[in-house]
Structures are given as C-alpha cells and as structure tokens.
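K.L.:
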C-alpha cells in the first residue's frame, strides 16, 4: 500500500486546485467526489435507490440525476442529507480502498471533503488541511455553483468549523488565492511525503 495523504478542507477551499498541483508532480489522486459521481451513474444500485427515494422528479430529461435539485433538497433538509450520506458513504469507501490498493506510487493524495465529519482521518497516514478564509470560500462557491448567498452559506455551515477542522491536521496549506504560494507549499510537502514514505518503508 502507498503512503496515504488525506487532503481535506471546507467546501470551495481550493482542494481541486491543490490536488492538480500534486498531480503535476506525478502523484496519483484518489478523489472522493469523482468516485461519488461514478457510483451514482445511470443504472447503478445507488442510482436506483436514490430515484426510488426521491422519485422520478429528481431526474434530468436524459435520466441522469439532477444534481442542482438534489443539492437544494439535502442542504435544506438534514434528514435527507443524512439518508443520502448513509447510502453513499460505504459504497464510496469501498471504491476508494480498491483504487488506493491499485497504486504503485510512493504516496497518493486522497481528496476527501468530509474527512472529519465522516470520521475517516484514521484511514490516512497523514492529514493535509486547506485553510481558506470563509469569505473567499463563500465568493468561490457562489460563482462556481451559480447559487445564491443563502444556499452557499448553508452549505458552508453544514460542515464543521475551520478551527475544529484544523485540529486534525498534520500539515496545513494556506490558500488565500495566490497560486505561486500554493505551488511552493505543494512542492515542499511533496518532498516531505516522499521522505515519509522512505522512512516508513526503510
């Protein structure tokens, strides 16, 4: 098994940008969000259960899940969000384990938005958190998902606080929107993780 670095942070904190910087260094990326989309594709068991639970109204004309409608529902209803998490969490975890086991690199970056909320931090060798000002998160989220400020605020508030999240971090990347700074931080951590792998397997 490769050395596992879990990359997490609040919604719209810049996790994808950071993961891409690691990928440019040749590091395999295992992204829980990508896996989450794969396991609800048309015809999968999870897809069928979601349609059964929310009815055909949750579908787009091409029969794919209407993600924007689903997002509106679950971020305005804690019960529905919990139901969906309980359905998808075990499936995503199983696929994650399979994908990580297939890697032959020294280490992998495992991108997990709800690492702490779903109590997954113990599955990683090291936890890397992204620290981003909440106002910047809010602006990015509104622009990225084309949503109003109220929904964006609910989405941020549904996660644990930044202060609590950072208490689980072994390493922290500060993301204030400066790509040059981000790149320098990633390059430094890359060398550190290669050294950690060598020590672990020395």
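In this note's numbering, the protein residues as written are -11 to 190. Idealized CB from N, CA, C, for every residue including glycine.
(1) What span of residues does the beta strand (DSSP E) with residue -6 cover, start to end?
(2) Assuming residue 137 contacts residue 144 under a Cβ cut-off of 8 Å, what Cβ separation, rounded to an integer in Å, is found between them?
(3) Closest to residue 153 by C-alpha separation, out of 172, 114, 187, 105, would be which residue?
(4) Using 10 angstroms around the beta-carbon of residue 1, count the other beta-carbons present and answer buried if the total reaches 16, otherwise exposed.
(5) State yes or no: is the C-beta of residue 120 within less than 8 Å of the C-beta of residue 23?
(6) Residues in its own chain within less than 6 Å of residue 72 by CB, not counting five upstream and five downstream?
(7) Return the residue from the list 65, 31, 66 that minimises the CA-CA distance to residue 50.
(8) If distances are taken between C-alpha atoms only, which option among 176, 99, 179 comes closest to residue -5?
(9) Within the same chain, show all residues whose beta-carbon is closer than 6 Å to that of residue 168, passing over the 5 residues directly before and after it, in chain order.
(10) For the alpha helix (DSSP H) that contains residue 97, what are its first and last residues?
(11) How would you write the range of the beta strand (DSSP E) that residue 162 sits in, first residue to last?
(12) Taking the alpha carbon of residue 93 as the reference point, which residue from 15, 181, 122 has its own alpha carbon closest?
(13) Express the C-alpha separation of residue 135 and residue 12 in angstroms, rounding to a whole number.
(14) Which residue comes first and which comes last in the beta strand (DSSP E) that contains residue 116?
(15) Assign residue 162 to buried or exposed, taking buried as 16 or more other Cβ atoms, counted over all protein chains shown, within 10 Å of its Cβ.
(16) Got a sec? Which residues, its chain only, sit under 8 Å from residue 191 by beta carbon, not counting five neighbours each side?
(17) Using three-state DSSP, classify residue 133 as helix, strand or coil.
(18) Distance, Cα to Cα, residue 156 vs residue 35?
(19) Can you look up residue 21 in the DSSP assignment and give me helix, strand or coil?
(20) Is the beta carbon of residue 159 closer than 8 Å to that of residue 128?
P.N.:
On the basis of the coordinates in this document:
(1) -9 to -3
(2) Incorrect: roughly 10 Å between the Cβ atoms, too far for contact.
(3) 105
(4) buried
(5) no
(6) 62
(7) 31
(8) 99
(9) none
(10) Looking at the DSSP string, residue 97 is not in any alpha helix (DSSP H); the run it does join, the beta strand (DSSP E), is 95 to 99.
(11) 159 to 162
(12) 15
(13) 31 Å
(14) 114 to 119
(15) exposed
(16) Examination of residue 191 is not possible in this model, given that the chain is present from -11 through 190 alone.
(17) helix
(18) 33 Å
(19) helix
(20) no
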